[in-house]
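**Student:** I'd like to ask you about the structure that follows.
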Amino acid sequence: MLTRLDLRGGGGPVAARLPRPGPASAGPLEAVRAIISEIRERGDDALRELTERFDGVSPASLTVKPAEIADAAARTPAAVREALAAAAANVDAYHRHQLLDDVIHERGGVTVTERHLAVRRAGCYVPGGRAAYPSTLIMTTVPAKVAGVDEIAVCVPPGPDGRIADVTLAAAAAMGIDEIHPVGGAQAIAALAYGTESIGAVDVIAGPGNAYVALAQREVAGVVGVPAAFAGPSEVVVVADASADATFAAADVILQAEHGPDGLAWLVTWDEATAAAVEAEVVRLAARADRRAEIEATLSHSGYSVVCSGPEQALEVVNEIAPEHLELLVADPQALAPRVRNAGAVFCGQWAPASLGDYAAGPNHVLPTDGTARFASALGVRDFLRSMHVVSADRDGLAGLAPHVIALAEAEGLTAHAESVRLRLSAETERPGRGS
Numbered sequence: 000m001l002t003r004l005d006l007r008g009g010g011g012p013v014a015a016r017l018p019r020p021g022p023a024s025a026g027p028l029e030a031v032r033a034i035i036s037e038i039r040e041r042g043d044d045a046l047r048e049l050t051e052r053f054d055g056v057s058p059a060s061l062t063v064k065p066a067e068i069a070d071a072a073a074r075t076p077a078a079v080r081e082a083l084a085a086a087a088a089n090v091d092a093y094h095r096h097q098l099l100d101d102v103i104h105e106r107g108g109v110t111v112t113e114r115h116l117a118v119r120r121a122g123c124y125v126p127g128g129r130a131a132y133p134s135t136l137i138m139t140t141v142p143a144k145v146a147g148v149d150e151i152a153v154c155v156p157p158g159p160d161g162r163i164a165d166v167t168l169a170a171a172a173a174m175g176i177d178e179i180h181p182v183g184g185a186q187a188i189a190a191l192a193y194g195t196e197s198i199g200a201v202d203v204i205a206g207p208g209n210a211y212v213a214l215a216q217r218e219v220a221g222v223v224g225v226p227a228a229f230a231g232p233s234e235v236v237v238v239a240d241a242s243a244d245a246t247f248a249a250a251d252v253i254l255q256a257e258h259g260p261d262g263l264a265w266l267v268t269w270d271e272a273t274a275a276a277v278e279a280e281v282v283r284l285a286a287r288a289d290r291r292a293e294i295e296a297t298l299s300h301s302g303y304s305v306v307c308s309g310p311e312q313a314l315e316v317v318n319e320i321a322p323e324h325l326e327l328l329v330a331d332p333q334a335l336a337p338r339v340r341n342a343g344a345v346f347c348g349q350w351a352p353a354s355l356g357d358y359a360a361g362p363n364h365v366l367p368t369d370g371t372a373r374f375a376s377a378l379g380v381r382d383f384l385r386s387m388h389v390v391s392a393d394r395d396g397l398a399g400l401a402p403h404v405i406a407l408a409e410a411e412g413l414t415a416h417a418e419s420v421r422l423r424l425s426a427e428t429e430r431p432g433r434g435s
């Protein structure tokens, strides 16, 4: 089920020997652009038609009523509601450490204050349809609320009955979210970016999804804020040595694969016996898994067992792939972790599977995929903030910098810039209504 890839010996640079998905073909990108155009031109009418076309349902309304959210929460088992509350509390506590204080810089009579301000309105995308992801609703809305965002709109694809799953609505109730729309896919991203009759335009869009959702976010970036990470199909790389429990390693290869096709699930080891044992366990565990079809689809497309010459080459593989989730099931993970350069999140040792981070450890599970961990980070509070600097100066402060400002302005041919400084300093007395 895992395709064996042996990197030991020669054969050229590791990067050239690793299979990686190519860039998005023109087909999906053209389809996404067409969807965005339809939403911009026809608003809610297009949303309804596209929801029926892609999800096979026609929601009674494009907005979930608060009473429906409350009723769904009441129907959700108490143990699940308790788990949602615990997860939300842990995620909230972690993200509060990301809040930024204002920065004040004073030098030579000039004061610059850098303020950090939340956007007014944020859109959070939560996958849905065939599965429910209440954890993603928590992960996307918590940093927005911690940042101080005034309004949060959540979009979730409807299920086969045209409704959003009760457990997802229960998560919304736990988070105090009262604006939820049963729409998904690229059409939801377009609606959040440009607005329709039912969905107001937002300032930032965050949340993971399939390739169409991720491509749509790239397309609207610049119209709205979109985190740098490409939050697409899920990925995991499990690094294991001879000390690893083969069943644990196999379970962790499978855990992200069950999200469905187009993801990535790799085992990386420098012990051939470990590779064989984990490969066998993957077959055994996948055969009895509830989401066997999704797991097999992922593994047949991008499931690999990579045998390396040693830890150094294994790290080279990891840093080249830059996976969303990286697990270090090795004898001394703390020694290996500092040498990881590119990964969305790193999980160390047999007691820290990626599922711990997916639900309740505290850090965000909306992570960079498709190699974007080379330059992007997990979703966080800063994605819902923007900075603004405020500059003030006294007369001496302006006078001290004036020669440099005038020289540079004139070098650029912008003489009015230079004159705005020269006029102030040439005034013999302070004029009424003017600052110093």
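Going by numbering that gives the first Met the number 0, the residue at position 178 of the sequence shown is 177; the numbering climbs one at a time, nothing skipped. All C-beta atoms in this analysis are idealised placements derived from N, C-alpha and C, irrespective of residue type, glycine included.
(1) If you follow the beta strand (DSSP E) that histidine 258 is in, where does it begin and where does it stop?
(2) Over what stretch of residues does the beta strand (DSSP E) that includes arginine 217 continue unbroken?
(3) Note down the Cα distance separating alanine 72 from alanine 169, rounded to an integer number of angstroms.
(4) Excluding the five sequence neighbours on either side, which residues of its own chain have a C-beta within less than 6 angstroms of the C-beta of alanine 14, listed in chain order?
(5) Since methionine 387 is in the beta strand (DSSP E), which residue starts that stretch and which ends it?
(6) Look up isoleucine 137 in the DSSP assignment and say whether it is helix, strand or coil.
(7) Fully enclosed by the region 301–382, which beta strand (DSSP E) runs are 3 residues long or longer?
(8) Give, in chain order, every unbroken run of the alpha helix (DSSP H) that is at least 4 residues long and sits entirely within the region 2–59.
(9) Give me the residue from Ala272, Arg129, Val79, Ala220 with the minimum Cα distance to alanine 205.
(10) Can you tell which of Ala30, Gly42, Pro181 has its C-alpha closest to the C-alpha of lysine 64?
(11) Would you grab the beta carbon distance between leucine 284 and alanine 248 for me? Rounded to a whole angstrom, and I think it's under 8 angstroms.
(12) Can you tell which of Asp331, Ala342, Leu397, Ile34 has its C-alpha closest to the C-alpha of alanine 375?
(13) What does DSSP give as the partner residue(s) for tyrosine 124 in the beta ladder?
(14) Measuring only the C-alpha atoms, how far is alanine 372 from valine 317?
(15) Taking the alpha carbon of glycine 370 as the point to measure from, which residue in Arg3, Leu17, Leu1, Thr2 has its own alpha carbon closest?
(16) Report the start-end ranges of each alpha helix (DSSP H) in the region 185–209 that is 4 residues or longer and not cut off at the edges.
(17) Hey, how far is the Cα of alanine 227 from the Cα of leucine 366?
(18) I want to know whether the region 79–91 touches the region 229–239 - three or more CB-CB distances under 8 angstroms.
(19) Based on the DSSP secondary-structure assignment, which residues constitute the bridge partners of histidine 104?
(20) According to DSSP, simplified to helix, strand and coil, what is leucine 266?
(21) Taking Cβ to Cβ, would you say leucine 266 is nearer than 9 angstroms to glutamine 255?
(22) With distances taken from CA atoms, which of His388, Ala121, Leu136, Arg394 is nearest histidine 104?
(23) Which same chain residues end up closer than 8 angstroms to proline 12 when comparing Cβ atoms and leaving out the 5 residues on each side of it in sequence?
(24) Just to check, is the beta-carbon of valine 339 closer than 8 angstroms to a non-hydrogen atom of the ligand ZN?
(25) Roughly how far, in whole angstroms, is the beta-carbon of alanine 519 from the beta-carbon of valine 203, given that I think they are within contact range, below 8 angstroms?
(26) Apart from the five residues on each side of it in sequence, which residues of its chain come closer than 7 angstroms, Cβ to Cβ, to alanine 213?
(27) My understanding is that alanine 86 touches isoleucine 137, with C-beta atoms under 8 angstroms, so please give their C-beta distance in whole angstroms.
(28) Between which two residues does the alpha helix (DSSP H) harbouring alanine 239 extend?
(29) Let's see if you can read the secondary structure: which residues bound the alpha helix (DSSP H) around histidine 416?
(30) What is the DSSP secondary structure of valine 223, counted as helix, strand or coil?
(31) Is it true that the CB of isoleucine 176 sits closer than 9 angstroms to the CB of threonine 140?
(32) CA-CA distance, glutamate 178 and cysteine 154?
(33) Report yes or no: do three or more beta-carbon pairs, one from the region 29–41 and one from the region 326–343, lie closer than 8 angstroms?
(34) Just verifying my parser: in three-state terms, what is the DSSP assignment at leucine 116?
(35) Straight-line CA distance for isoleucine 38 to threonine 195?
**Tutor:** Taking the definition as stated:
(1) As a working mapping, residue 258 is identified with position 259 in the sequence shown. Note, histidine 258: premise wrong, no beta strand (DSSP E); not H, not E.
(2) The residue you call residue 217 lines up with position 218 of the sequence shown. Careful: arginine 217 lies outside any beta strand (DSSP E), inside the alpha helix (DSSP H) at 210–219.
(3) Here residue 72 refers to the residue found at position 73 of the sequence shown. Here residue 169 refers to the residue found at position 170 of the sequence shown. The alpha-carbon atoms of alanine 72 and alanine 169 are separated by roughly 4 angstroms.
(4) For the purposes of this step, residue 14 is taken as the residue at position 15 of the sequence shown. So the list reads Glu319, once near-sequence residues are dropped.
(5) Mapped onto the sequence shown, residue 387 falls at position 388. Run containing methionine 387: 384–392, per the beta strand (DSSP E) assignment.
(6) Locating residue 137 in the sequence shown gives position 138, where the first residue counts as 1. If DSSP states are grouped into helix, strand and coil, isoleucine 137 belongs with the helices.
(7) 302–306, 324–328, 344–347
(8) 13–16, 25–54
(9) Numbered from 1 along the sequence shown, position 206 holds the residue referred to as residue 205. Put simply, of Ala272, Arg129, Val79, Ala220 the residue whose alpha carbon is nearest the alpha carbon of alanine 205 is Ala220.
(10) Within the sequence shown, residue 64 is the residue found at index 65, counting from 1. For lysine 64, the nearest C-alpha among the options comes from Pro181.
(11) Start at 1 with the first residue of the sequence shown, and residue 284 comes out as number 285. Start at 1 with the first residue of the sequence shown, and residue 248 comes out as number 249. That pair is no contact at about 10 angstroms.
(12) As a position in the sequence shown, residue 375 is number 376, starting the count at 1. Checking every option, the nearest Cα to that of alanine 375 belongs to Ala342.
(13) Mapped onto the sequence shown, residue 124 falls at position 125. Paired residues: Cys154.
(14) Position 373 of the sequence shown holds residue 372. Position 318 of the sequence shown holds residue 317. Taking the straight line joining both Cα atoms gives about 11 angstroms.
(15) The sequence position of residue 370 within the sequence shown is 371, counting from 1. Comparing Cα-Cα distances from glycine 370 to each of Arg3, Leu17, Leu1, Thr2, the minimum goes to Leu17.
(16) none
(17) The sequence position of residue 227 within the sequence shown is 228, counting from 1. The sequence position of residue 366 within the sequence shown is 367, counting from 1. Each residue's alpha carbon lies about 10 angstroms from the other.
(18) no
(19) Your numbering for residue 104 matches position 105 in the sequence shown. The beta-bridge partner set that DSSP reports for histidine 104 consists of Val111.
(20) Residue 266 sits at position 267 when you count from the first residue of the sequence shown. Strand, per DSSP.
(21) For the purposes of this step, residue 266 is identified with residue 267 of the sequence shown, where counting begins at 1. For the purposes of this step, residue 255 is identified with residue 256 of the sequence shown, where counting begins at 1. Going by C-beta atoms, leucine 266 is not nearer than 9 angstroms to glutamine 255.
(22) The sequence position of residue 104 within the sequence shown is 105, counting from 1. Nearest of His388, Ala121, Leu136, Arg394 to histidine 104, Cα basis: His388.
(23) Stepping through the sequence shown from its first residue, residue 12 is reached at position 13. Result list for proline 12: empty, nothing under 8 angstroms.
(24) Ligands are entirely absent from the displayed structure, and the ligand ZN is therefore not among its contents.
(25) Because the chain is modelled from 0 through 435, residue 519 falls outside the range shown and cannot be assessed.
(26) The residue given as residue 213 occupies position 214 in the sequence shown. Contacts found: Phe229, Ala230, Gly231.
(27) Taking the first residue of the sequence shown as 1, we reach residue 86 at position 87. Taking the first residue of the sequence shown as 1, we reach residue 137 at position 138. Taking C-beta atoms under 8 angstroms as the contact rule, alanine 86 and isoleucine 137 qualify, at a distance of about 6 angstroms.
(28) Start at 1 with the first residue of the sequence shown, and residue 239 comes out as number 240. Run containing alanine 239: none in the alpha helix (DSSP H); it sits in the beta strand (DSSP E), 234–239.
(29) Numbered from 1 along the sequence shown, position 417 holds the residue referred to as residue 416. Where histidine 416 is concerned, the enclosing alpha helix (DSSP H) stretches over 414–425.
(30) In the sequence shown, residue 223 corresponds to position 224, counting from 1. Residue state, collapsed to three classes: strand.
(31) As a working note, residue 140 is residue 141 in the sequence shown. As a working note, residue 176 is residue 177 in the sequence shown. Contact: yes.
(32) Taking the sequence shown and counting its residues from 1, the one referred to as residue 178 is at position 179. Taking the sequence shown and counting its residues from 1, the one referred to as residue 154 is at position 155. Approximately 9 angstroms, taken between the alpha carbons.
(33) In this structure the region 29–41 does not touch the region 326–343; the number of beta carbon pairs closer than 8 angstroms is below three.
(34) Your numbering for residue 116 matches position 117 in the sequence shown. If DSSP states are grouped into helix, strand and coil, leucine 116 belongs with the strands.
(35) Within the sequence shown, the letter at position 39 stands for residue 38. Within the sequence shown, the letter at position 196 stands for residue 195. A straight-line Cα-Cα distance of about 8 angstroms links isoleucine 38 and threonine 195.
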